[in-house]
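So in UniProt numbering, spot 63 of the sequence shown is number 63, and the numbers just go up one at a time.
Each residue gets a CB set at the ideal place from its N, CA and C atoms; glycine is no exception.
The structure appears below as structure tokens.
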Amino acid sequence: MPLSHAERPLYEVKANLFKGLAHPFRIRILELLAGQSEVSVAELQSETGLEASHLSQHLSVLRRHRLVVSERRASHVYYRLADPRVARLLTAARELLLGMLAEDGDRLDDARALPALPGLADTDLPSVAAAAPAAAAPDAASPAVRA
Numbered sequence: 001m002p003l004s005h006a007e008r009p010l011y012e013v014k015a016n017l018f019k020g021l022a023h024p025f026r027i028r029i030l031e032l033l034a035g036q037s038e039v040s041v042a043e044l045q046s047e048t049g050l051e052a053s054h055l056s057q058h059l060s061v062l063r064r065h066r067l068v069v070s071e072r073r074a075s076h077v078y079y080r081l082a083d084p085r086v087a088r089l090l091t092a093a094r095e096l097l098l099g100m101l102a103e104d105g106d107r108l109d110d111a112r113a114l115p116a117l118p119g120l121a122d123t124d125l126p127s128v129a130a131a132a133p134a135a136a137a138p139d140a141a142s143p144a145v146r147a
């Protein structure tokens, strides 16, 4: 069913949210902010290894998409997440990624080695065996599902 004229703006807003997330450094910046109440630009630059101009561009995109807010104090600028739900979105994305990579042990190990996210304990992360989808035969007690 095609989008109605009334629905289109909402989907555009959603798409723009994900455009704001659509770069590895922006996700890393958000993850750094998710772990603390606020982070200075100098700390973000040190943690990401980005040149100041590149970091500034990424922060500008994140501000434009309302994912972060900034505050200037004297000669320093501090950033924080605009909404705590951004951290939950990052956690959900990490969990989804780990589930998707569960069949690829090497890539799952790489993903598990990423810096921890607040609210996602190591015990919540799937192991390769536990996260792989089960290919069991249908249970005789459960009704068969037909496509």
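(request) Write down the C-beta distance between GLU38 and TYR79 rounded to the nearest angstrom, noting that I regard them as a contact closer than 8 Å. (result) 6 Å
(message) Using only the alpha-carbon positions, how far apart do GLN45 and GLY99 sit?
(response) 31 Å
(request) Using 10 angstroms around the beta-carbon of HIS58, count the other beta-carbons present and answer buried if the total reaches 16, otherwise exposed. (result) buried
(message) On the CB-based measure, 16 or more other CB atoms within 10 Å of its CB, does ARG26 come out buried or exposed?
(response) Answer is buried; the Cβ neighbour count reaches 16.
(message) Nearest by alpha-carbon distance to ARG72: which of SER53, ALA42, GLU95, ARG28 is it?
(response) ALA42
(message) Taking the alpha helix (DSSP H) that SER46 belongs to, which residues open and close that run?
(response) 41 to 48
(request) Take LEU17 and list the residues in its own chain whose beta-carbon comes closer than 7 Å to its own, dropping the five residues that flank it on each side. (result) HIS65
(message) In the DSSP assignment, the beta strand (DSSP E) including SER70 goes from what residue to what residue?
(response) 68 to 73
(message) On the criterion of 16 or more Cβ atoms from any shown chain inside 10 Å, does LEU90 qualify as buried, or is it exposed?
(response) buried
(request) Would you tell me roughly how many angstroms separate the C-alpha atoms of LYS19 and LEU62, rounded to the nearest one? (result) 10 Å
(request) Just mark VAL13 as buried or exposed, buried being the case when its beta carbon has 16 or more other beta carbons within 10 Å. (result) exposed
(request) Could you check what DSSP says for LEU17 in three-state terms: helix, strand or coil? (result) helix
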